[in-house]
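As structure tokens, the structure follows; a few thoughts come after it.
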Amino acid sequence: MAKLDLPIIPQHVAIIMDGNGRWAKQRGLPRTIGHNKGVEAVRQAVRAAGECGVKYLTLFAFSSENWSRPEAEIEDLLGLLRRFIRRDLADLHRENIRIRIIGERQKLRSDILPLLLEAEETTRNNTAMTLIIAFNYGARDEITRAAIQLVKDVQAGLVDPQDITPDAIGSRLDTAGIPDPDLIIRTSGEERLSNFLLWQAAYSEFVFLPCYWPDFDRQHFVEALRIFAARDRRFGGLSDATTAVVV
Ligand code: IPE
Ligand code: IPE
Ligand code: MG
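Counting in the numbering used here, the sequence shown tops out at residue 1209, every number present.
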């Protein structure tokens, strides 16, 4: 791989993988073919992130709102996730990649939950990169569950309401211990978050790419990293350049 000549690489990249259906429609194919092809793009994204030195990669695989899709499509998507874990877990483990799952899991079906837990358990000590799969994930649901946990902790006398800080909330989210995403990429031309990482995206940079997810490859990933590297992140303060002029 040619060395990337970028001044800064994001530590955490999160991707809203969108456009499988439109990719298929454009070709007169059923949506399910688009989802199938999307799995290949997932593999490309994981490989590219590892090669570029990204330490955390989050992929939005299935939202808490996606249950409103036709049953057959839901089955396709669940089947693909199951097959992805069965087929790719050994490879990911060999690549020293840790897998974490975010999203509501208590109500998940018994044909999916054990697989997710196995993926987390098998790879828990891996250190090269963390691959976070957002499945049955919705940020409002995540924040609501964190709020419930916080109330329980207050009721149990473990937390004083006066000690409730943003960190107290963040540490009860599914993403506890994972740094906030520096860069959020969404494919397919849509420019919205669709209930993804609302809390964690407070200071993320957004890159919206026109390509549909099944077409996503290493070049698109690097393009997004380039756009990110040219951004001036200020976090409410002043940029280094501005400070240099003032001093
Ligand atoms: C992304 O593609 C996959 C999931 C949301 C699970 P879509 O299925 O949303 O494809 P479009 O947006 O209809 O083209
Ligand atoms: C967001 O895409 C969810 C995932 C990529 C898993 P959607 O296709 O569900 O989002 P909307 O409905 O266009 O906002
Ligand atoms: Mg979509």
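We treat Cβ as the ideally placed atom computed from N, Cα and C, and that holds for glycine.
Under the DSSP definition of a beta bridge, H974 partners with Y1018.
If you look at F1170, you'll find it in the beta strand (DSSP E) that goes E1167 to F1170. Residue selection by CB proximity (closer than 6 Å to any heavy atom of ligand 1) returns M979, D980, G981, N982, G983, R984, F1024, N1028, L1039, S1150 and W1175 in chain order.
Rounded to the nearest whole angstrom, the C-alpha separation of F1168 and L1075 is 31 Å. Checking the 7 Å criterion, the Cβ of F1046 is out of range of every heavy atom belonging to ligand 2. Rounded to whole angstroms, the separation of the alpha carbons of R1134 and E1033 is 32 Å. Apart from the 5 residues on each side of it in sequence, L968 sits with its Cβ closer than 7 Å to the Cβ of L1187, R1188 and A1191 in its chain, given in chain order. Burial is judged here by how many other beta carbons sit within 10 angstroms of a residue's own beta carbon; T1020 has at least 16 and is buried. Here A1118 carries a coil assignment [DSSP, helix/strand/coil].
Pairing R1195 with S1201, the inter-Cα distance amounts to about 7 Å. Taking C-alpha positions only, L1093 is separated from F1022 by approximately 11 Å. When distances are taken from the beta-carbon of E1033 to the heavy atoms of ligand 2, even the shortest one reaches 7 Å or more. The beta strand (DSSP E) runs of length 3 or more contained entirely in the segment 1077–1121 are, from start to end of the chain, 1091–1099. Inclusion of R1154 in the 7 Å shell around ligand 2 follows from its C-beta lying nearer than that to a non-hydrogen atom of the ligand. Spanning the alpha carbons of R1193 and G1139 requires a straight line of approximately 25 Å.
Here F1197 is exposed. Its C-beta has fewer than 16 other C-beta atoms within 10 Å. Your pair I971 and V1008 does not check out as a contact, with CB atoms roughly 16 Å apart and the cut at 8 Å.
Look at I1059 here: in three-state DSSP terms it is strand.
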